[in-house]
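Chemist: Residue numbers (my numbering): 9 to 234. Okay, here's the structure, questions in a sec.
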């Protein structure tokens with residue numbers, strides 16, 4: 009066998025092996041997707057919805073959709089692609105911690121400090137040992153810190169999406185006898201204030217709340233304005 013033919017064979021084998029053996033970057037992607045997969049079965053509203061409870065990935069998907077579509081109105085002031093990325097990872101920690109129901113948060117069954125510490129630890133685990141881990145963690149942290157316009161936008165829509173889900177559930181799905189209606193007002197106003205264009209998102213929130221209030225009044229759920 010000539011040296012040139014041998015080299016062709018060796019080169020072919022090396023090419024084949026490199027195609028089937030994951031590169032470090034490919035391995036990192038697969039590792040991260042495996043970790044993120046745990047989020048797919050995490051429920052939302054487990055303490056307040058008797059039926060038709062949401063899941064975290066269902067919520068995150070619609071939030072990302074809302075961010076992309078509604079964001080077109082504000083693209084002159086925001087990086088919408090960046091905002092969508094924040095929306096996709098904003099609840100990633102819940103793949104390990106589980107979701108804290110809005111009702112539990114309002115009634116303070118878990119302190120804000122406990123939730124923050126638990127989620128920071130979870131995100132450190134989820135993003136550890138992968139080459140792009142810091143990018144994912146920084147997106148999540150940006151949402152938590154609420155300093156950028158994109159983070160404020162996603163949080164405002166996060167609250168509106170929660171109200172939307174409640175308003176679209178079947179009659180009698182909501183278990184508690186009272187509903188704290190001001191949940192979400194602060195986040196939505198924070199975005200509108202930062203934009204300086206009232207009442208862009210707050211008008212949308214009020215519209216959804218109006219529909220929800222009519223439903224709850226028929227079902228005997230008290231509408232509480234804190």
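Beta carbons: idealized from backbone N, C-alpha and C, even for Gly. All figures in this text were calculated on a predicted structure; none of them were measured in a lab.
Classify residue 222: buried if its beta carbon has 16 or more other beta carbons within 10 angstroms, exposed otherwise.
Modeler: Exposed.
Chemist: Residue ranges of each beta strand (DSSP E) run of no fewer than 3 residues wholly in the region 140 to 200, ordered along the chain?
Modeler: Whole beta strand (DSSP E) segments, 3+ residues: 186 to 188.
Chemist: The alpha helix (DSSP H) with residue 97 in it runs from where to where?
Modeler: It spans 88 to 97 - the alpha helix (DSSP H) in which residue 97 sits, taken as one unbroken run.
Chemist: Please return the same chain residues whose Cβ sits closer than 7 Å to the Cβ of residue 193, not counting the five positions on each side in sequence.
Modeler: Cβ neighbours of residue 193 beyond the five flanking positions: none.
Chemist: Starting from residue 101, follow the alpha helix (DSSP H) in both directions and report where the run begins and ends.
Modeler: It is not in any alpha helix (DSSP H) - residue 101 carries neither H nor E in the DSSP assignment.
Chemist: Assign residue 25 to one of two classes, buried (16 or more other C-beta atoms within 10 Å of its C-beta) or exposed (fewer than that).
Modeler: Because the pLDDT of residue 25 is 45, which lies under 50, any placement of that residue in the model is unreliable, and the question is left without a value.
Chemist: Assign residue 217 to one of two classes, buried (16 or more other C-beta atoms within 10 Å of its C-beta) or exposed (fewer than that).
Modeler: When all chains shown are included, residue 217 counts as buried.
Chemist: Can you list, in chain order, the residues of its chain whose CB lies under 7 Å from that of residue 183, leaving out five sequence neighbours each side?
Modeler: Closer than 7 Å at the Cβ level, and outside the excluded window around residue 183, lie 56, 57, 58.
Chemist: Under the rule that 16 or more other beta-carbon atoms within 10 Å means buried, what is residue 228, buried or exposed?
Modeler: Flag for residue 228 reads exposed.
Chemist: Please confirm if residue 63 has its CB atom under 8 Å from at least one CB of chain D.
Modeler: The chain inventory of the structure shown lacks chain D, comprising one protein chain alone.
Chemist: Skipping 5 residues on each side, what residues in its chain have a beta carbon closer than 7 Å to that of residue 220?
Modeler: So the qualifying residues of the chain are 171, 174, 175.
Chemist: Indicate whether the contact test is met: 3 or more Cβ pairs, each with one atom in the region 148 to 163 and one in the region 45 to 53, closer than 8 Å.
Modeler: No contact exists between the region 148 to 163 and the region 45 to 53.
Chemist: Excluding the 5 residues preceding and the 5 following residue 126 in the sequence, name in chain order all residues of the same chain whose CB lies nearer than 7 Å to its CB.
Modeler: Cβ within range, chain order: 105.
Chemist: Tell me whether the beta-carbon of residue 71 lies closer than 8 Å to the beta-carbon of residue 209.
Modeler: Their beta carbons are not under 8 Å apart, which means residue 71 does not touch residue 209 by this criterion.
Chemist: Along the chain, where does the alpha helix (DSSP H) that runs through residue 132 open and close?
Modeler: Run containing residue 132: 120 to 135, per the alpha helix (DSSP H) assignment.
Chemist: Tell me the DSSP bridge mates of residue 231?
Modeler: Note: residue 231 sits in a beta bridge opposite 187.
Chemist: DSSP on residue 57, reduced to helix/strand/coil?
Modeler: In this structure, residue 57 counts as strand in the three-state DSSP scheme.
Chemist: What residues match up with residue 51 in a beta bridge as DSSP calls it?
Modeler: In the DSSP output, where bridge partners are listed per residue, residue 51 has 63.
Chemist: Is the region 78 to 86 touching the region 122 to 140 in the sense that three or more CB pairs, one from each, lie closer than 8 Å?
Modeler: Contact fails: fewer than three Cβ-Cβ distances are below 8 Å.
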